[in-house]
Amino acid sequence: MTDSRARILGRIRTALAGTERTTPAPAEPIARDYRDSHTDTGLVELLAHNLADYRARVHHATETDLPDLIARLLGSRGAHTLVVPPGLPDGWLPTAAGLRAVRGTDLSAAELDAMSSVLTGCAVAVAETGTIVLDGGPGQGRRMLTLVPDHHICVVRTPDQVVASVPQALRRLDPRRPQTWISGPSATSDIELDRVEGVHGPRALDVVLLVPPGGA
Amino acid sequence: MSAVPLGMPSFPDAAREATRNPTLRRNLRHATHTIRDRRAAAVAELDDWAELRAAGAAIKDRTLRHLDTYLEQAEAAVVAAGGHVHWAADAAEANRIVTDLVRATGETEVVKVKSMATQEIGLNEALAEAGITAYETDLAELIVQLGDDRPSHILVPAIHRNRTEIRDIFRDAMGEWGIPAPDGMSDDPRELAEAARLHLREKFLRAKVGVSGANFLVAETGTLVVVESEGNGRMCLTLPETLISVVGIEKVVPTWRDLEVFLQLLPRSSTAERMNPYTSTWTGVTDGDGPRAFHLVLLDNGRTSILADEVGRQTLRCIRCSACLNVCPVYERAGGHAYGSVYPGPIGAILTPQLRGTGSAVDASLPYASTLCGACYDVCPVAIDIPEVLVHLREKVTAQRGHVIERSALRAAAWAMRDPKRYTALQRAAAAGTRALHPRRLPLPGWGKAWTDTRDLPAVPKESFRTWWQRRDTSGGTK
Ligand code: SF4
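Sequences listed follow chains A and B, in order. Going by UniProt numbering, the first sequence opens with residue 1, and the numbers climb by one from there. Going by UniProt numbering, the second sequence opens with residue 1, and the numbers climb by one from there.
Encoded structure:
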C-alpha cells in the first residue's frame, strides 16, 4: 500500500518532468471571469419558480400560520407520524390531535422507514437553481432523517436564507459538515427518458417559504 | 484498466451489429436527441457559460500540473477528518483493497452507487469471486445488472432498453436477487420505478457496507462530492456503517470554491438540469451522522501514463458528463457497446486507448471511430479538444506494426465516414469555422474511399497527407 503511494506519486512526477511548474500550485492564477450570480433581485420569487419547475410544492407562510399549514400538508397525505430533528423550533409543530411528532435523534433506518413525514429547516437555498441545502445544523438533523421518510417538508427563512447563486451558497457553507443539496424530489429518467418522480429519496417535497413578520 | 475482454469485436464489427438492431437505434436516437436539445436550453440560460467553461478547463489543468501536491493535500485532509486513504496503482490492486476492506467487516453484501471507476476496474466481478455480492442501486444499473447486460451510456446506462424489455427483465430476474417484482406489473415507467424502489429499499435498510465513486475530491478540505438524481447515492453514502469510495486520481480539485464552477457545469451538461436532484458532500466521518468508517481508494490504473502525454493529458479534465455522447453522430449510430469498454462515445474513443494502450484490435480502432466533426469539443464543459486527441492517437496507432491493428483501424474509419449524413455534418462544422476540423493528418490510405461511393471528397491539404504517407513508408508501414 505504501509502495503504491510512492509509485503513483513517482509516476506523476516523472509524467510532469517536462512541464513547467515552478510556481507553487496555489499561486497559479485562475481566470474567474464568470458571474458571481445571474440575478440580484426577486430572489424569493425566482426560488419559488425554480422549485416548482422541478416539481417541489411551494407554499408561503408566516411563523404564525406555519403550524396550521404543516397540519394541512400532513393531512393531505394522510400522514400521522412526523419525525423532527433536534433544534427545530417547537412553535412550528402542529398541535392537531391524532398526529405524533417524534424527535428523530435515535431512530434507526428501519424505524424511520415507518414514519410518514419529516419536517426540517435548511442552511441555505439557491434561487437560480431551485436548490435547498441541508448541512446537519440545528433543525436539520442527520442526513438519514430527510432521506428515508417518503415526504419531506422543508422550511426556508426568507429572505435571510436565500442566496442567488451556487458561488454564493458555497461561501455560506462549511465543507466540514456533511451536506445534502436538494433540487426537487428524487427523480429518474432512466426508462425511455420519461421523468418519474421518486425513486429512493422522498417522493414528495414541500418547501415552505417563511415570510418574516410584517411580510416581504 | 482491466484487460480487453476476450473475443471483444473491434469497433466496426460491433457497430455493424448495433446498426442491425432497429430497436436499439431508435432508442438511442430518441434519447440522444432529447438530451441534446435539453442541454442546449439549460446552457443557454447562463450568459457566462464560455467563462465557466474556461475556468473549468483552467482549474483542471492547474490540478493536473500539480497533481502530486494536490493528492498529498487531499490525503492529509481526509485522514485529519477521520478517513483512511489507500493508493491503488492498478485495477487488481484496487479490487484487492476493496475486497479486503469488505472482508474485514465480515459482510458478504455491499450496496453500490453507480461509478465509472468501479466499472472500469471490474469491481463487481472481483467481489463476486471473493464471495461478496455487489448490488447496483441506480435504476439503470439495476436494469443492466438484472438483465446480465453491459451499460451503453455513461449517464443512462440502459438507454438501449425500452420499457417493455425492462418490464420483462424485472419480472424475470428480480426474484433471484431479492424482492420480486409485483404481480401484474405493467411497463409504465412509474410502476417500474416503484418495483425498483421496493426491491432496493430492503437492501438499503440492511446494508452494512456501501461502495461509491465520487465526482469531485476537494484537496484543501478532503471533501468528497457525489452528484445524482435518484437518491440511491444518498442511501449508499448515509445508511451503511462502512463506506468505501473508489476515486480516480484526476477527480481532485484544489479548493471548495472550485466547486462553484463544476456544480454549474456538470448538471447542465449532463442531465440538462439547473441542478440535479441530489448532491451529497462529506468530509471524513461525522459523529452521529452517516458511516462510522470511511475509506478512500485513490486509483491510478493508467491515468499517470495519460498525464505523461502532453496532448492526451487534457483527457483527464473529463467530468464524465456524457454531453459528448449525445451529440456524436457515430455514437448515435453505433451504440455504446461498440466501444468495447465502460467508456463509450467520443470520450471513450480517446480515454480507453490511453488507459489500455492500443495493443488490441478494438482499442486500436477506437481513435478512428469518429468523423472529427468537432461537435464533442463544442459541448464539452471542460473544453477537451477530442478531435485533436483522436488525431494524435491515430498517429500513435499507425506508428505501431501489425495487420490486425491496421485493418481494424482502417475499417473503423471507413465505417465512421460511410454515412452521407455524417459527411455533411463534417462539412457543415468545418464551414462554421469553430475549429480546425479538416482531417488534415488523417493517417490512413484510402480513407476517403467509402465517401467516394456517394460524394466527392472534401478538399484536404495535400502536403500533410503526403508528408504522412512518406513518413509512414519509411517507418515500414504495412499495406
Ligand atoms: S469529454 Fe467532455 S463532454 Fe465528454 S464526458 Fe468528458 S467532460 Fe463531458
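Note that CB positions come from ideal geometry on N, CA and C, so glycine has one too. The structure displayed is predicted, hence computed values, not measured ones.
Hey, how far is the Cα of residue i from the Cα of residue j?
i	j	result
residue 480 of chain B	residue 337 of chain B	Since the displayed chain B opens at 1 and closes at 479, residue 480 of chain B lies outside it and no answer follows.
residue 85 of chain B	residue 38 of chain A	39 angstroms
residue 444 of chain B	residue 394 of chain B	Unreliable placement is indicated for residue 444 of chain B, whose pLDDT of 37 sits below 50; no coordinate value is reported for it.
residue 426 of chain B	residue 330 of chain B	Model confidence at residue 426 of chain B stands at a pLDDT of 47, short of 50, so the residue's coordinates are unreliable; what they give is reported in the following sentence. In a straight line, the C-alpha of residue 426 of chain B is about 12 angstroms away from that of residue 330 of chain B.
residue 511 of chain B	residue 352 of chain B	Here chain B has residues from 1 to 479 only, and residue 511 of chain B is not among them.
residue 36 of chain B	residue 326 of chain B	6 angstroms
residue 183 of chain A	residue 17 of chain A	44 angstroms
residue 303 of chain B	residue 196 of chain B	35 angstroms
residue 246 of chain B	residue 298 of chain B	6 angstroms
residue 105 of chain B	residue 115 of chain A	29 angstroms
residue 136 of chain B	residue 341 of chain B	18 angstroms
residue 214 of chain B	residue 122 of chain B	17 angstroms
residue 160 of chain A	residue 21 of chain A	43 angstroms
residue 30 of chain A	residue 67 of chain B	16 angstroms
residue 149 of chain B	residue 152 of chain A	35 angstroms
residue 6 of chain A	residue 94 of chain B	15 angstroms
residue 63 of chain A	residue 158 of chain A	11 angstroms
residue 10 of chain B	residue 411 of chain B	9 angstroms
residue 33 of chain A	residue 171 of chain A	17 angstroms
residue 521 of chain B	residue 136 of chain A	One cannot answer for residue 521 of chain B here, as it falls past the ends of chain B, which runs 1 to 479.
residue 207 of chain A	residue 52 of chain A	9 angstroms
residue 242 of chain B	residue 72 of chain B	23 angstroms
residue 396 of chain B	residue 64 of chain B	23 angstroms
For residue i, verify whether its CB is less than 7 angstroms away from any heavy atom of the ligand SF4.
i	result
residue 391 of chain B	no
residue 328 of chain B	no
residue 195 of chain A	no
residue 268 of chain B	no
residue 53 of chain B	no
residue 324 of chain B	yes
residue 346 of chain B	yes
residue 179 of chain B	no
residue 149 of chain A	no
residue 381 of chain B	yes
residue 59 of chain B	no
residue 38 of chain B	no
residue 159 of chain B	no
residue 320 of chain B	yes
residue 306 of chain B	no
residue 373 of chain B	no
residue 376 of chain B	yes
residue 384 of chain B	yes
Smallest Cα separation from residue i: which of the options?
i	options	result
residue 276 of chain B	B:230, B:217 and B:304	B:230
residue 49 of chain B	B:397, B:274 and B:390	B:274
residue 58 of chain B	B:355, B:261 and B:309	B:261
residue 62 of chain B	A:51, A:24 and A:70	A:24
residue 118 of chain B	B:350, B:300 and B:268	B:300
residue 103 of chain A	A:110, A:87, A:95 and A:114	A:87
residue 209 of chain B	B:335, B:99 and B:46	B:99
residue 47 of chain A	A:181, A:170, A:194 and A:125	A:125
residue 67 of chain A	A:90, A:20 and A:186	A:90
residue 371 of chain B	B:20, B:356, B:349 and B:200	B:349
residue 169 of chain B	B:159, B:188, B:144 and B:391	B:144
residue 129 of chain A	B:295, B:278 and B:333	B:278
residue 339 of chain B	B:369, B:320 and B:240	B:369
residue 198 of chain B	A:150, A:71 and A:74	A:150
residue 112 of chain B	B:189, B:244 and B:291	B:244
residue 291 of chain B	B:39, B:23, B:205 and B:239	B:239
- [ ] Taking a Cβ distance cut-off of 7 angstroms, strictly less, list which residues of the region 166 to 180 of chain B are near chain A, in chain order.
- [x] 166
TODO: With 9 angstroms as the C-beta to C-beta threshold (strictly closer), list the residues of the region 264 to 283 of chain B near chain A in chain order.
DONE: Result list: 264, 267, 271, 273, 274, 275, 276, 277, 278, 279, 280, 281, 282 and 283.
Task: Members of the region 326 to 341 of chain B that neighbour chain A once the beta carbon cut-off is set at 9 angstroms - done: Taking a C-beta cut-off of 9 angstroms against chain A, none of the residues of the region 326 to 341 of chain B qualify.
TODO: Could you name the residues of the region 107 to 123 of chain A whose beta carbon sits closer than 8 angstroms to any beta carbon of chain B, in the order they occur along the chain?
DONE: 109, 110 and 113
- [ ] With 9 angstroms as the limit, tell me which residues of the region 67 to 90 of chain B have their beta carbon closer than that to any beta carbon of chain A; keep them in chain order.
- [x] Residues 67, 68, 69, 70, 71, 72, 73, 75, 81, 85, 86, 87, 88, 89 and 90.
Task: Interface positions of the region 2 to 13 of chain A facing chain B (Cβ-Cβ less than 7 angstroms), listed along the chain - done: 4, 5, 7, 8, 9, 11, 12 and 13
Open item on the list: Beta carbons nearer than 7 angstroms to chain A: which residues of the region 210 to 235 of chain B have them?
Closed with: 218, 221, 223, 229, 230, 231, 232, 234 and 235
Task: Near-chain B residues of the region 39 to 68 of chain A - C-beta to any C-beta below 9 angstroms - done: 50, 53 and 54
- [ ] Determine which residues of the region 287 to 307 of chain B have a Cβ less than 8 angstroms from any Cβ of chain A, and write them out in chain order.
- [x] 288, 289, 290, 298, 300, 304, 305 and 307
TODO: Give, in chain order, every residue of the region 176 to 207 of chain B whose Cβ lies closer than 8 angstroms to some Cβ of chain A.
DONE: Taking 8 angstroms as the upper bound on Cβ-Cβ separation, chain A lies near residues 189, 190, 192, 193, 196, 197, 200, 201, 204 and 205 of the region 176 to 207 of chain B.
- [ ] For the region 48 to 68 of chain B, enumerate the residues whose C-beta is nearer than 7 angstroms to any C-beta of chain A, in chain order.
- [x] 48, 51, 52, 54, 55, 58, 59, 62, 65, 66, 67 and 68
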